[in-house]
Every structure is written in structure tokens, then in C-alpha cells.
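Residues in the sequence shown are numbered consecutively from 21, following the numbering used here.
Take a look at the structure below.
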Amino acid sequence: MELVRRGDDLFAVTAGPGGCVLRMLGSYQAAVEATVRIRYGLRRRALLDTLRDTPCDADGLPAAADEAVAHELSALDRVLLSGPGTLTSAGSPPGGPVTVVPTGALCTLPWPLLPSLRGR
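Right, here's the structure in full:
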């Protein structure tokens, strides 16, 4: 799957056994902003950069930070990887290796954390 940007429009080009498909995904800037929020949340988690009296999960990590990151990852997964002509659409091979060719700031997204790409 290659991501292509034209102005603020973001497209996905997917190639598979059935051929190639071009699909409009939405706003490039919105995807970049979600990527920034995900990276910030992961940094907060890694550095434990939160208030000491916040509720923590079993690992001692701030639960709210994990929930926020999980929410952003799920939302971005729906935008980038769901729908016709994408990885999770009908006719797409289930599982298996995936090559993602991002564009611009989306190169900094931790792609393996997206729900549709876990374990692939």
C-alpha cells in the first residue's frame, strides 16, 4: 500500500491479486495531526510523563494515556486501512505480510501498532 498526497488530499494505492486500486482516504493534515498525538502519547507513556495521582493500569502506566493512544490508533486505522480497496476490505487477503509506503510526516507513524497491522 502506497500513500500519495496531493495538496491536503491523501490517497492509498493498493496492489493485490485482483490488481491495483486508488482510494481517497481524507485529509493529509488530519492524519499527520493524529500521528503527532499518537507519538506524543507514546512518549508520555515511555517517560511516565504524567501526574503521579492518575489511575494506572497493571503495568503501573497511566491508564488515560494508554486509552488516548489506543483511541487515536483505532481512529487512524479506520481512516487509513478500512474501506473499499484497502487492507481490511472484502476480497483482501487476511493476514500476511504488508508493505506500507507512507508519505511525508506519516513516515513517523508507528505502523505496526495500528490494529489492522498487528502481527502482520
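Where is the CB? At the ideal position from N, CA and C, for every residue including glycine.
What you are looking at is a predicted structure, and each value in this text was computed from that prediction instead of being measured.
Proximity below 7 angstroms, CB of residue i to CB of residue j
i: F31; j: M44; result: yes
i: V52; j: A125; result: yes
i: S136; j: L101; result: yes
Cutoff 7 angstroms; reference residue i; Cβ partners in own chain excluding five residues on either side
i: T123; result: L23, V24, R25
i: G46; result: L30, V99
i: L42; result: F31, V33
N-terminal and C-terminal residue of the beta strand (DSSP E) that residue i is part of
i: V41; result: 39-47
Three-state secondary structure assigned by DSSP to residue i
i: L30; result: strand
i: R143; result: Outside the shown range of the chain (21 to 140) lies residue 143, about which nothing can therefore be said.
i: D79; result: With a pLDDT of only 49 at D79, under 50, the local geometry of the prediction cannot be trusted, and the value read off the model is given with reservation. D79 falls in the coil class under three-state DSSP.
i: V118; result: coil
i: L96; result: helix
i: L23; result: strand
Sequence-distant residues of its chain with Cβ nearer than 8 angstroms to residue i (five each side left out)
i: T55; result: L96, A125, L126, T128, L129
i: I58; result: V89, E92, L93, L96, L129, P130, L133
Other residues of its chain near residue i: CB distance less than 6 angstroms, five sequence neighbours each side excluded
i: L12; result: Outside the displayed range of the chain (21 to 140) lies residue 12, so it cannot be described from this structure.
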